[in-house]
Amino acid sequence: MVKKEEKELTVADLPGVGPSTAEKLAAAGFDTLLAIAVASLGNLVSSSGVSDSVARKMIQAARDMMEMGFETADEVLTRRMACKKITTSSEAFDEVMGGGFETGAITECYGEFGSGKTQVGHQLAVNVQRPEEEGGLNSKVIYIDTENTFRPERILQMAKRAGLDPDTALKNIKIARAYNSDHQMLLSEKAEDLLKTGEYKLLIVDSLTAHFRAEYIGRGTLSERQQKLNKHMHLLLKLADMYNCCVMVTNQVMSKPNVMFGDPTVAIGGHVVGHSSTFRIYLRKGKKGSRVAKLVDSPNLPENECMMFVTEGGLSDKDE
Ligand code: ADP
Ligand code: MG
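With my numbering, letter number 13 in the sequence shown gets 13, and the count goes up by one each step, no holes.
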C-alpha cells in the first residue's frame, strides 16, 4: 500500500489522538494506521476510551492516509508475487495446491476423524521452518490447538526426515491450547503480537470448529454460532492479509441425513467458513492406507485431487 507522503505517518498523526490516546491504542494493538483503518468502530471505542464520533473520524482519517481502496493491476501483481508457498512433502499434493500452501490466504482442510487433517498441520509446521530452496519459508509457527492433539513427538519424527535440528524445530513452534471458543478467538487476536515480529509465516487453528460445534447446540443457537465463526474467520483473514502469513484451519464434517446420492458429508460452519477460506481441501481415506486430498472450489485452480500417504516420516507420495 502506498502512503501519500514521504514522511512515515503514524497513529499520532491522526486527528484527536494525543500521546495518551496513542499509548492506549498501542496497548490494545492499534499501533499502525492500517490496524486503525480496518478496525471496527466498537472495538476502537472500547479499547481506547474515545467517543464514537472521534473513533469514526480516526478510522476515516487512517483510511485516507493509507489510500485504501482501489489499486492498479500491477500493484496486485506485485502483491501476488509476495505470496509464497509451503511444501506439503508430497509432490502430488503440492501440485494440487499450485506449489504448496499459500501465504496471504486461509486454507481449510476438512474431513472425517482420522482423515489426516492434524497430520497435514504438523507437516506444515515442520516444513515452513525449512529454507526457501527446500519449500520452506525459514519461519516460525503459531499453533492453536483446540482438541489437544498436538504431538511434539510427531514433530521430532518429521523434523528428522526434513533434516532439521529437532530441538530448534520444537522451539520454533508456539502452541496454545484453546479451552473454549472465546478463548480460541482471544488467542487468534494475541497471535497478532507474534506475527508483528515478522518471524512467523504460518498460523494453524486445529480445529477451527470443534468448540463452536460443541457449545452451540440446537437450531436456536445456530445464527449466534455462525456470527461468531464469521467474526473469527474475518480476523484470521485480516491476519493472513496484513502479515502475508499462511493460515491453515481444520474443520470437521457432519453427515447430511437428506443426501441420497454423492458424498453425504458436509463441512461444519457451512457458507461462513467456506466463503472466507481461499482454498478448501477435502481429505479422506483412500485405498490401501492412502489419503485422498481434493481441492474444492478454488478461485484459481481447476478442481483437482491426488493420492498420498501418511508415513513414519510424514506426508509422502509413496507408502514407505
Ligand atoms: P484428523 O486430524 O483428520 O482426525 P489425523 O491427522 O490425526 O486425523 O490422522 C491420524 C492418522 O494419521 C492415523 O490414523 C494414522 O493413520 C496416521 N498417523 C499418525 N501418526 C503416524 C505415524 N507416526 N506414522 C504413520 N502414520 C501416522
Ligand atoms: Mg485432528
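Think of the CB as a built atom: it goes at the ideal place given N, C-alpha and C, for glycine as much as any other residue.
Because the structure is a prediction, the values reported are computed rather than measured.
Item	Value
is_contact[residue 156, chain C] using C-beta, thresh 7 Å	Structure shown: chain C not included; a single protein chain is present.
Check: residue 312 C-beta below 6 Å from any heavy atom of ligand 1	yes
Range covered by the alpha helix (DSSP H) that runs through residue 168	166-171
Coarse secondary structure for residue 128, derived from DSSP in three states	coil
Closer than 6 Å: residue 265 CB and nearest ligand 2 heavy atom	no
Proximity winner among 273, 275, 296 and 318, relative to residue 288 (alpha-carbon distances)	318
Any non-hydrogen atom of ligand 1 within 6 Å of residue 117 CB	yes
Candidates 106, 43 and 114: closest to residue 284 by CA position	114
Residues of its chain near residue 236, where Cβ-Cβ distance is below 8 Å and the 5 sequence neighbours each way are ignored	106, 188, 203, 205, 247, 249 and 276
Among 142, 58, 213 and 49, nearest to residue 20 - alpha-carbon criterion	49
Nearest residue (CA-CA) to residue 34, options 157, 58 and 198	58
Distance between residue 125 and residue 165 (C-alpha atoms, nearest Å)	14 Å
Same chain, Cβ closer than 8 Å to residue 151, neighbours up to 5 away in sequence not counted	122
Among 116, 88, 41 and 144, nearest to residue 136 - alpha-carbon criterion	88
Proximity test, residue 149 beta-carbon vs ligand 2 heavy atom, cut-off 6 Å	yes
Best match in 169, 147 and 140 for proximity to residue 154 [C-alpha to C-alpha]	169
Buried versus exposed call for residue 320 [16 or more other C-beta atoms within 10 Å across all chains shown]	exposed
Cutoff 6 Å; reference residue 65; Cβ partners in own chain excluding five residues on either side	9 and 33
Same chain, Cβ closer than 6 Å to residue 116, five either side skipped, listed in chain order	283, 291 and 310
Complete runs of the alpha helix (DSSP H) confined to the region 150-212 [at least 4 residues]	152-162, 166-171 and 181-195
Any non-hydrogen atom of ligand 1 within 6 Å of residue 113 CB	yes
Complete runs of the beta strand (DSSP E) confined to the region 284-314 [at least 3 residues]	291-296 and 304-311
Residue(s) in a DSSP beta bridge with residue 148	Paired residue(s): none; residue 148 is not in a bridge.
CB of residue 234 within 7 Å of CB of residue 146, strictly	no
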